[in-house]
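Chains as they are written, first to last, in our numbering: chain Z, 1 to 157; chain Y, 1 to 157. The beta-carbon is built from N, C-alpha and C at its ideal position, and this holds for glycine as well.
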């Protein structure tokens with residue numbers, strides 16, 4: 001099984017890169033994991049939100065392969081405890097999907113097209129985070145999920 | 001008004017220090033804010049959880065001044081949206097408390113004594129995080145709360 005975190009735009013601030021890289025490194029002990037970024041169309045800042053979301057949807061869809069199981073990380077999604085998320089991941093490990101793709105939306109969220117195509121949504125918190133924070137948040141929870149699945153102690157730092 | 005984030009143990013991993021410091025720096029534009037750490041008794045690792053929690057409670061209580069308004073950051077607490085948290089902070093800004101103290105518990109949570117003394121609990125997510133992550137998480141949300149209160153754009157990076 002392979003897990004992909006699909007994001008809009010790169011992680012360009014050093015203070016975010018280091019902790020995210022740390023969890024990506026830790027995750028490699030457990031699974032094939034990568035963060036993939038699609039362009040965030042920064043040059044076209046005057047674009048309307050709906051136009052931007054449609055452009056982002058197009059870029060997202062290009063990254064999805066047939067047979068992928070997709071979750072949107074979205075505030076309208078279902079909340080999970082860390083144990084709950086680990087159970088979900090475990091189910092996929094014995095399931096048929098080759099790739100599980102978690103997607104973090106752009107500044108204005110997802111287009112309607114994306115919501116219709118991918119009905120599975122996970123909410124990480126009732127609070128709103130910066131996109132960079134969501135990346136770190138997710139990587140830490142995914143790492144935690146694998147420590148739970150493998151009954152390994154969690155490195156609490 | 002002064003805001004304090006009270007934690008058990010220091011932030012000793014560089015990859016956590018940088019993003020946390022970034023938000024502490026940003027928060028200084030809005031309020032008097034500091035992170036205060038009490039010893040995490042690392043030397044006494046063989047201590048029972050209850051004993052450790054009692055020791056931590058003692059250290060926590062030494063840091064609390066009369067008139068402080070205290071919130072425990074605790075998974076059993078009430079969930080807030082980012083807007084909800086900003087409203088809470090705004091209420092305190094026009095309230096009587098000189099200091100608002102948010103406390104992150106130790107590895108085993110809080111002792112019963114602390115729960116009884118400080119009934120106000122805030123849950124950041126249904127998920128469990130490392131203590132370092134909770135620090136960053138909280139600082140980012142506090143910064144976001146102040147950008148909401150001041151109607152400032154949020155620096156989404």
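Residues bridged to residue i [DSSP beta-bridge criterion]
| i | result |
| --- | --- |
| residue 90 of chain Z | Answer by DSSP bridge pairing: none, since residue 90 of chain Z is not bridged. |
| residue 4 of chain Z | Z:34 and Z:101 |
| residue 109 of chain Y | Y:106 |
Residue from the options with nearest C-alpha to residue i
| i | options | result |
| --- | --- | --- |
| residue 71 of chain Y | Y:97, Y:149 and Y:47 | Y:97 |
| residue 86 of chain Z | Z:151, Z:12 and Z:5 | Z:151 |
| residue 50 of chain Y | Y:144, Y:148, Y:111 and Y:16 | Y:111 |
| residue 149 of chain Z | Z:82, Z:127, Z:14 and Z:137 | Z:82 |
| residue 52 of chain Y | Y:9, Y:26 and Y:74 | Y:9 |
| residue 133 of chain Y | Z:137, Z:124 and Z:30 | Z:137 |
| residue 125 of chain Y | Y:28, Y:15, Y:73 and Y:109 | Y:73 |
Residue range of the beta strand (DSSP E) that includes residue i
| i | result |
| --- | --- |
| residue 121 of chain Z | 121 to 123 |
| residue 199 of chain Z | One cannot answer for residue 199 of chain Z here, as it falls past the ends of chain Z, which runs 1 to 157. |
| residue 69 of chain Z | 69 to 79 |
Distance between residue j and residue i (C-alpha atoms, nearest Å)
| i | j | result |
| --- | --- | --- |
| residue 142 of chain Z | residue 88 of chain Z | 11 Å |
| residue 106 of chain Y | residue 129 of chain Y | 12 Å |
| residue 114 of chain Z | residue 59 of chain Z | 11 Å |
| residue 100 of chain Z | residue 1 of chain Z | 8 Å |
| residue 11 of chain Y | residue 37 of chain Y | 9 Å |
| residue 13 of chain Y | residue 3 of chain Y | 24 Å |
| residue 103 of chain Y | residue 6 of chain Y | 5 Å |
| residue 31 of chain Z | residue 92 of chain Y | 46 Å |
| residue 46 of chain Y | residue 63 of chain Y | 25 Å |
| residue 29 of chain Y | residue 131 of chain Y | 25 Å |
| residue 33 of chain Z | residue 39 of chain Z | 20 Å |
Range of the contiguous alpha helix (DSSP H) that encloses residue i
| i | result |
| --- | --- |
| residue 64 of chain Y | Neither: residue 64 of chain Y is in no alpha helix (DSSP H) and is coded neither H nor E. |
| residue 14 of chain Z | 14 to 27 |
Near the ligand FMN: residue i beta-carbon under 7 Å from a heavy atom
| i | result |
| --- | --- |
| residue 87 of chain Y | In terms of ligand content, the structure shown is empty, and the ligand FMN therefore cannot be addressed. |
- [ ] Count the CB pairs spanning the segment 16 to 36 of chain Y and the segment 73 to 84 of chain Y that are closer than 8 Å, and state whether there are at least three.
- [x] Counting Cβ pairs under 8 Å, fewer than three are found: no touch.
Open item on the list: Check whether the segment 56 to 74 of chain Y and the segment 114 to 130 of chain Y touch, using three or more Cβ-Cβ pairs below 8 Å as the test.
Closed with: Using a Cβ-Cβ distance cut-off of 8 Å, the segment 56 to 74 of chain Y and the segment 114 to 130 of chain Y are in contact, since at least three pairs of beta carbons, one from each stretch, lie closer than that value.
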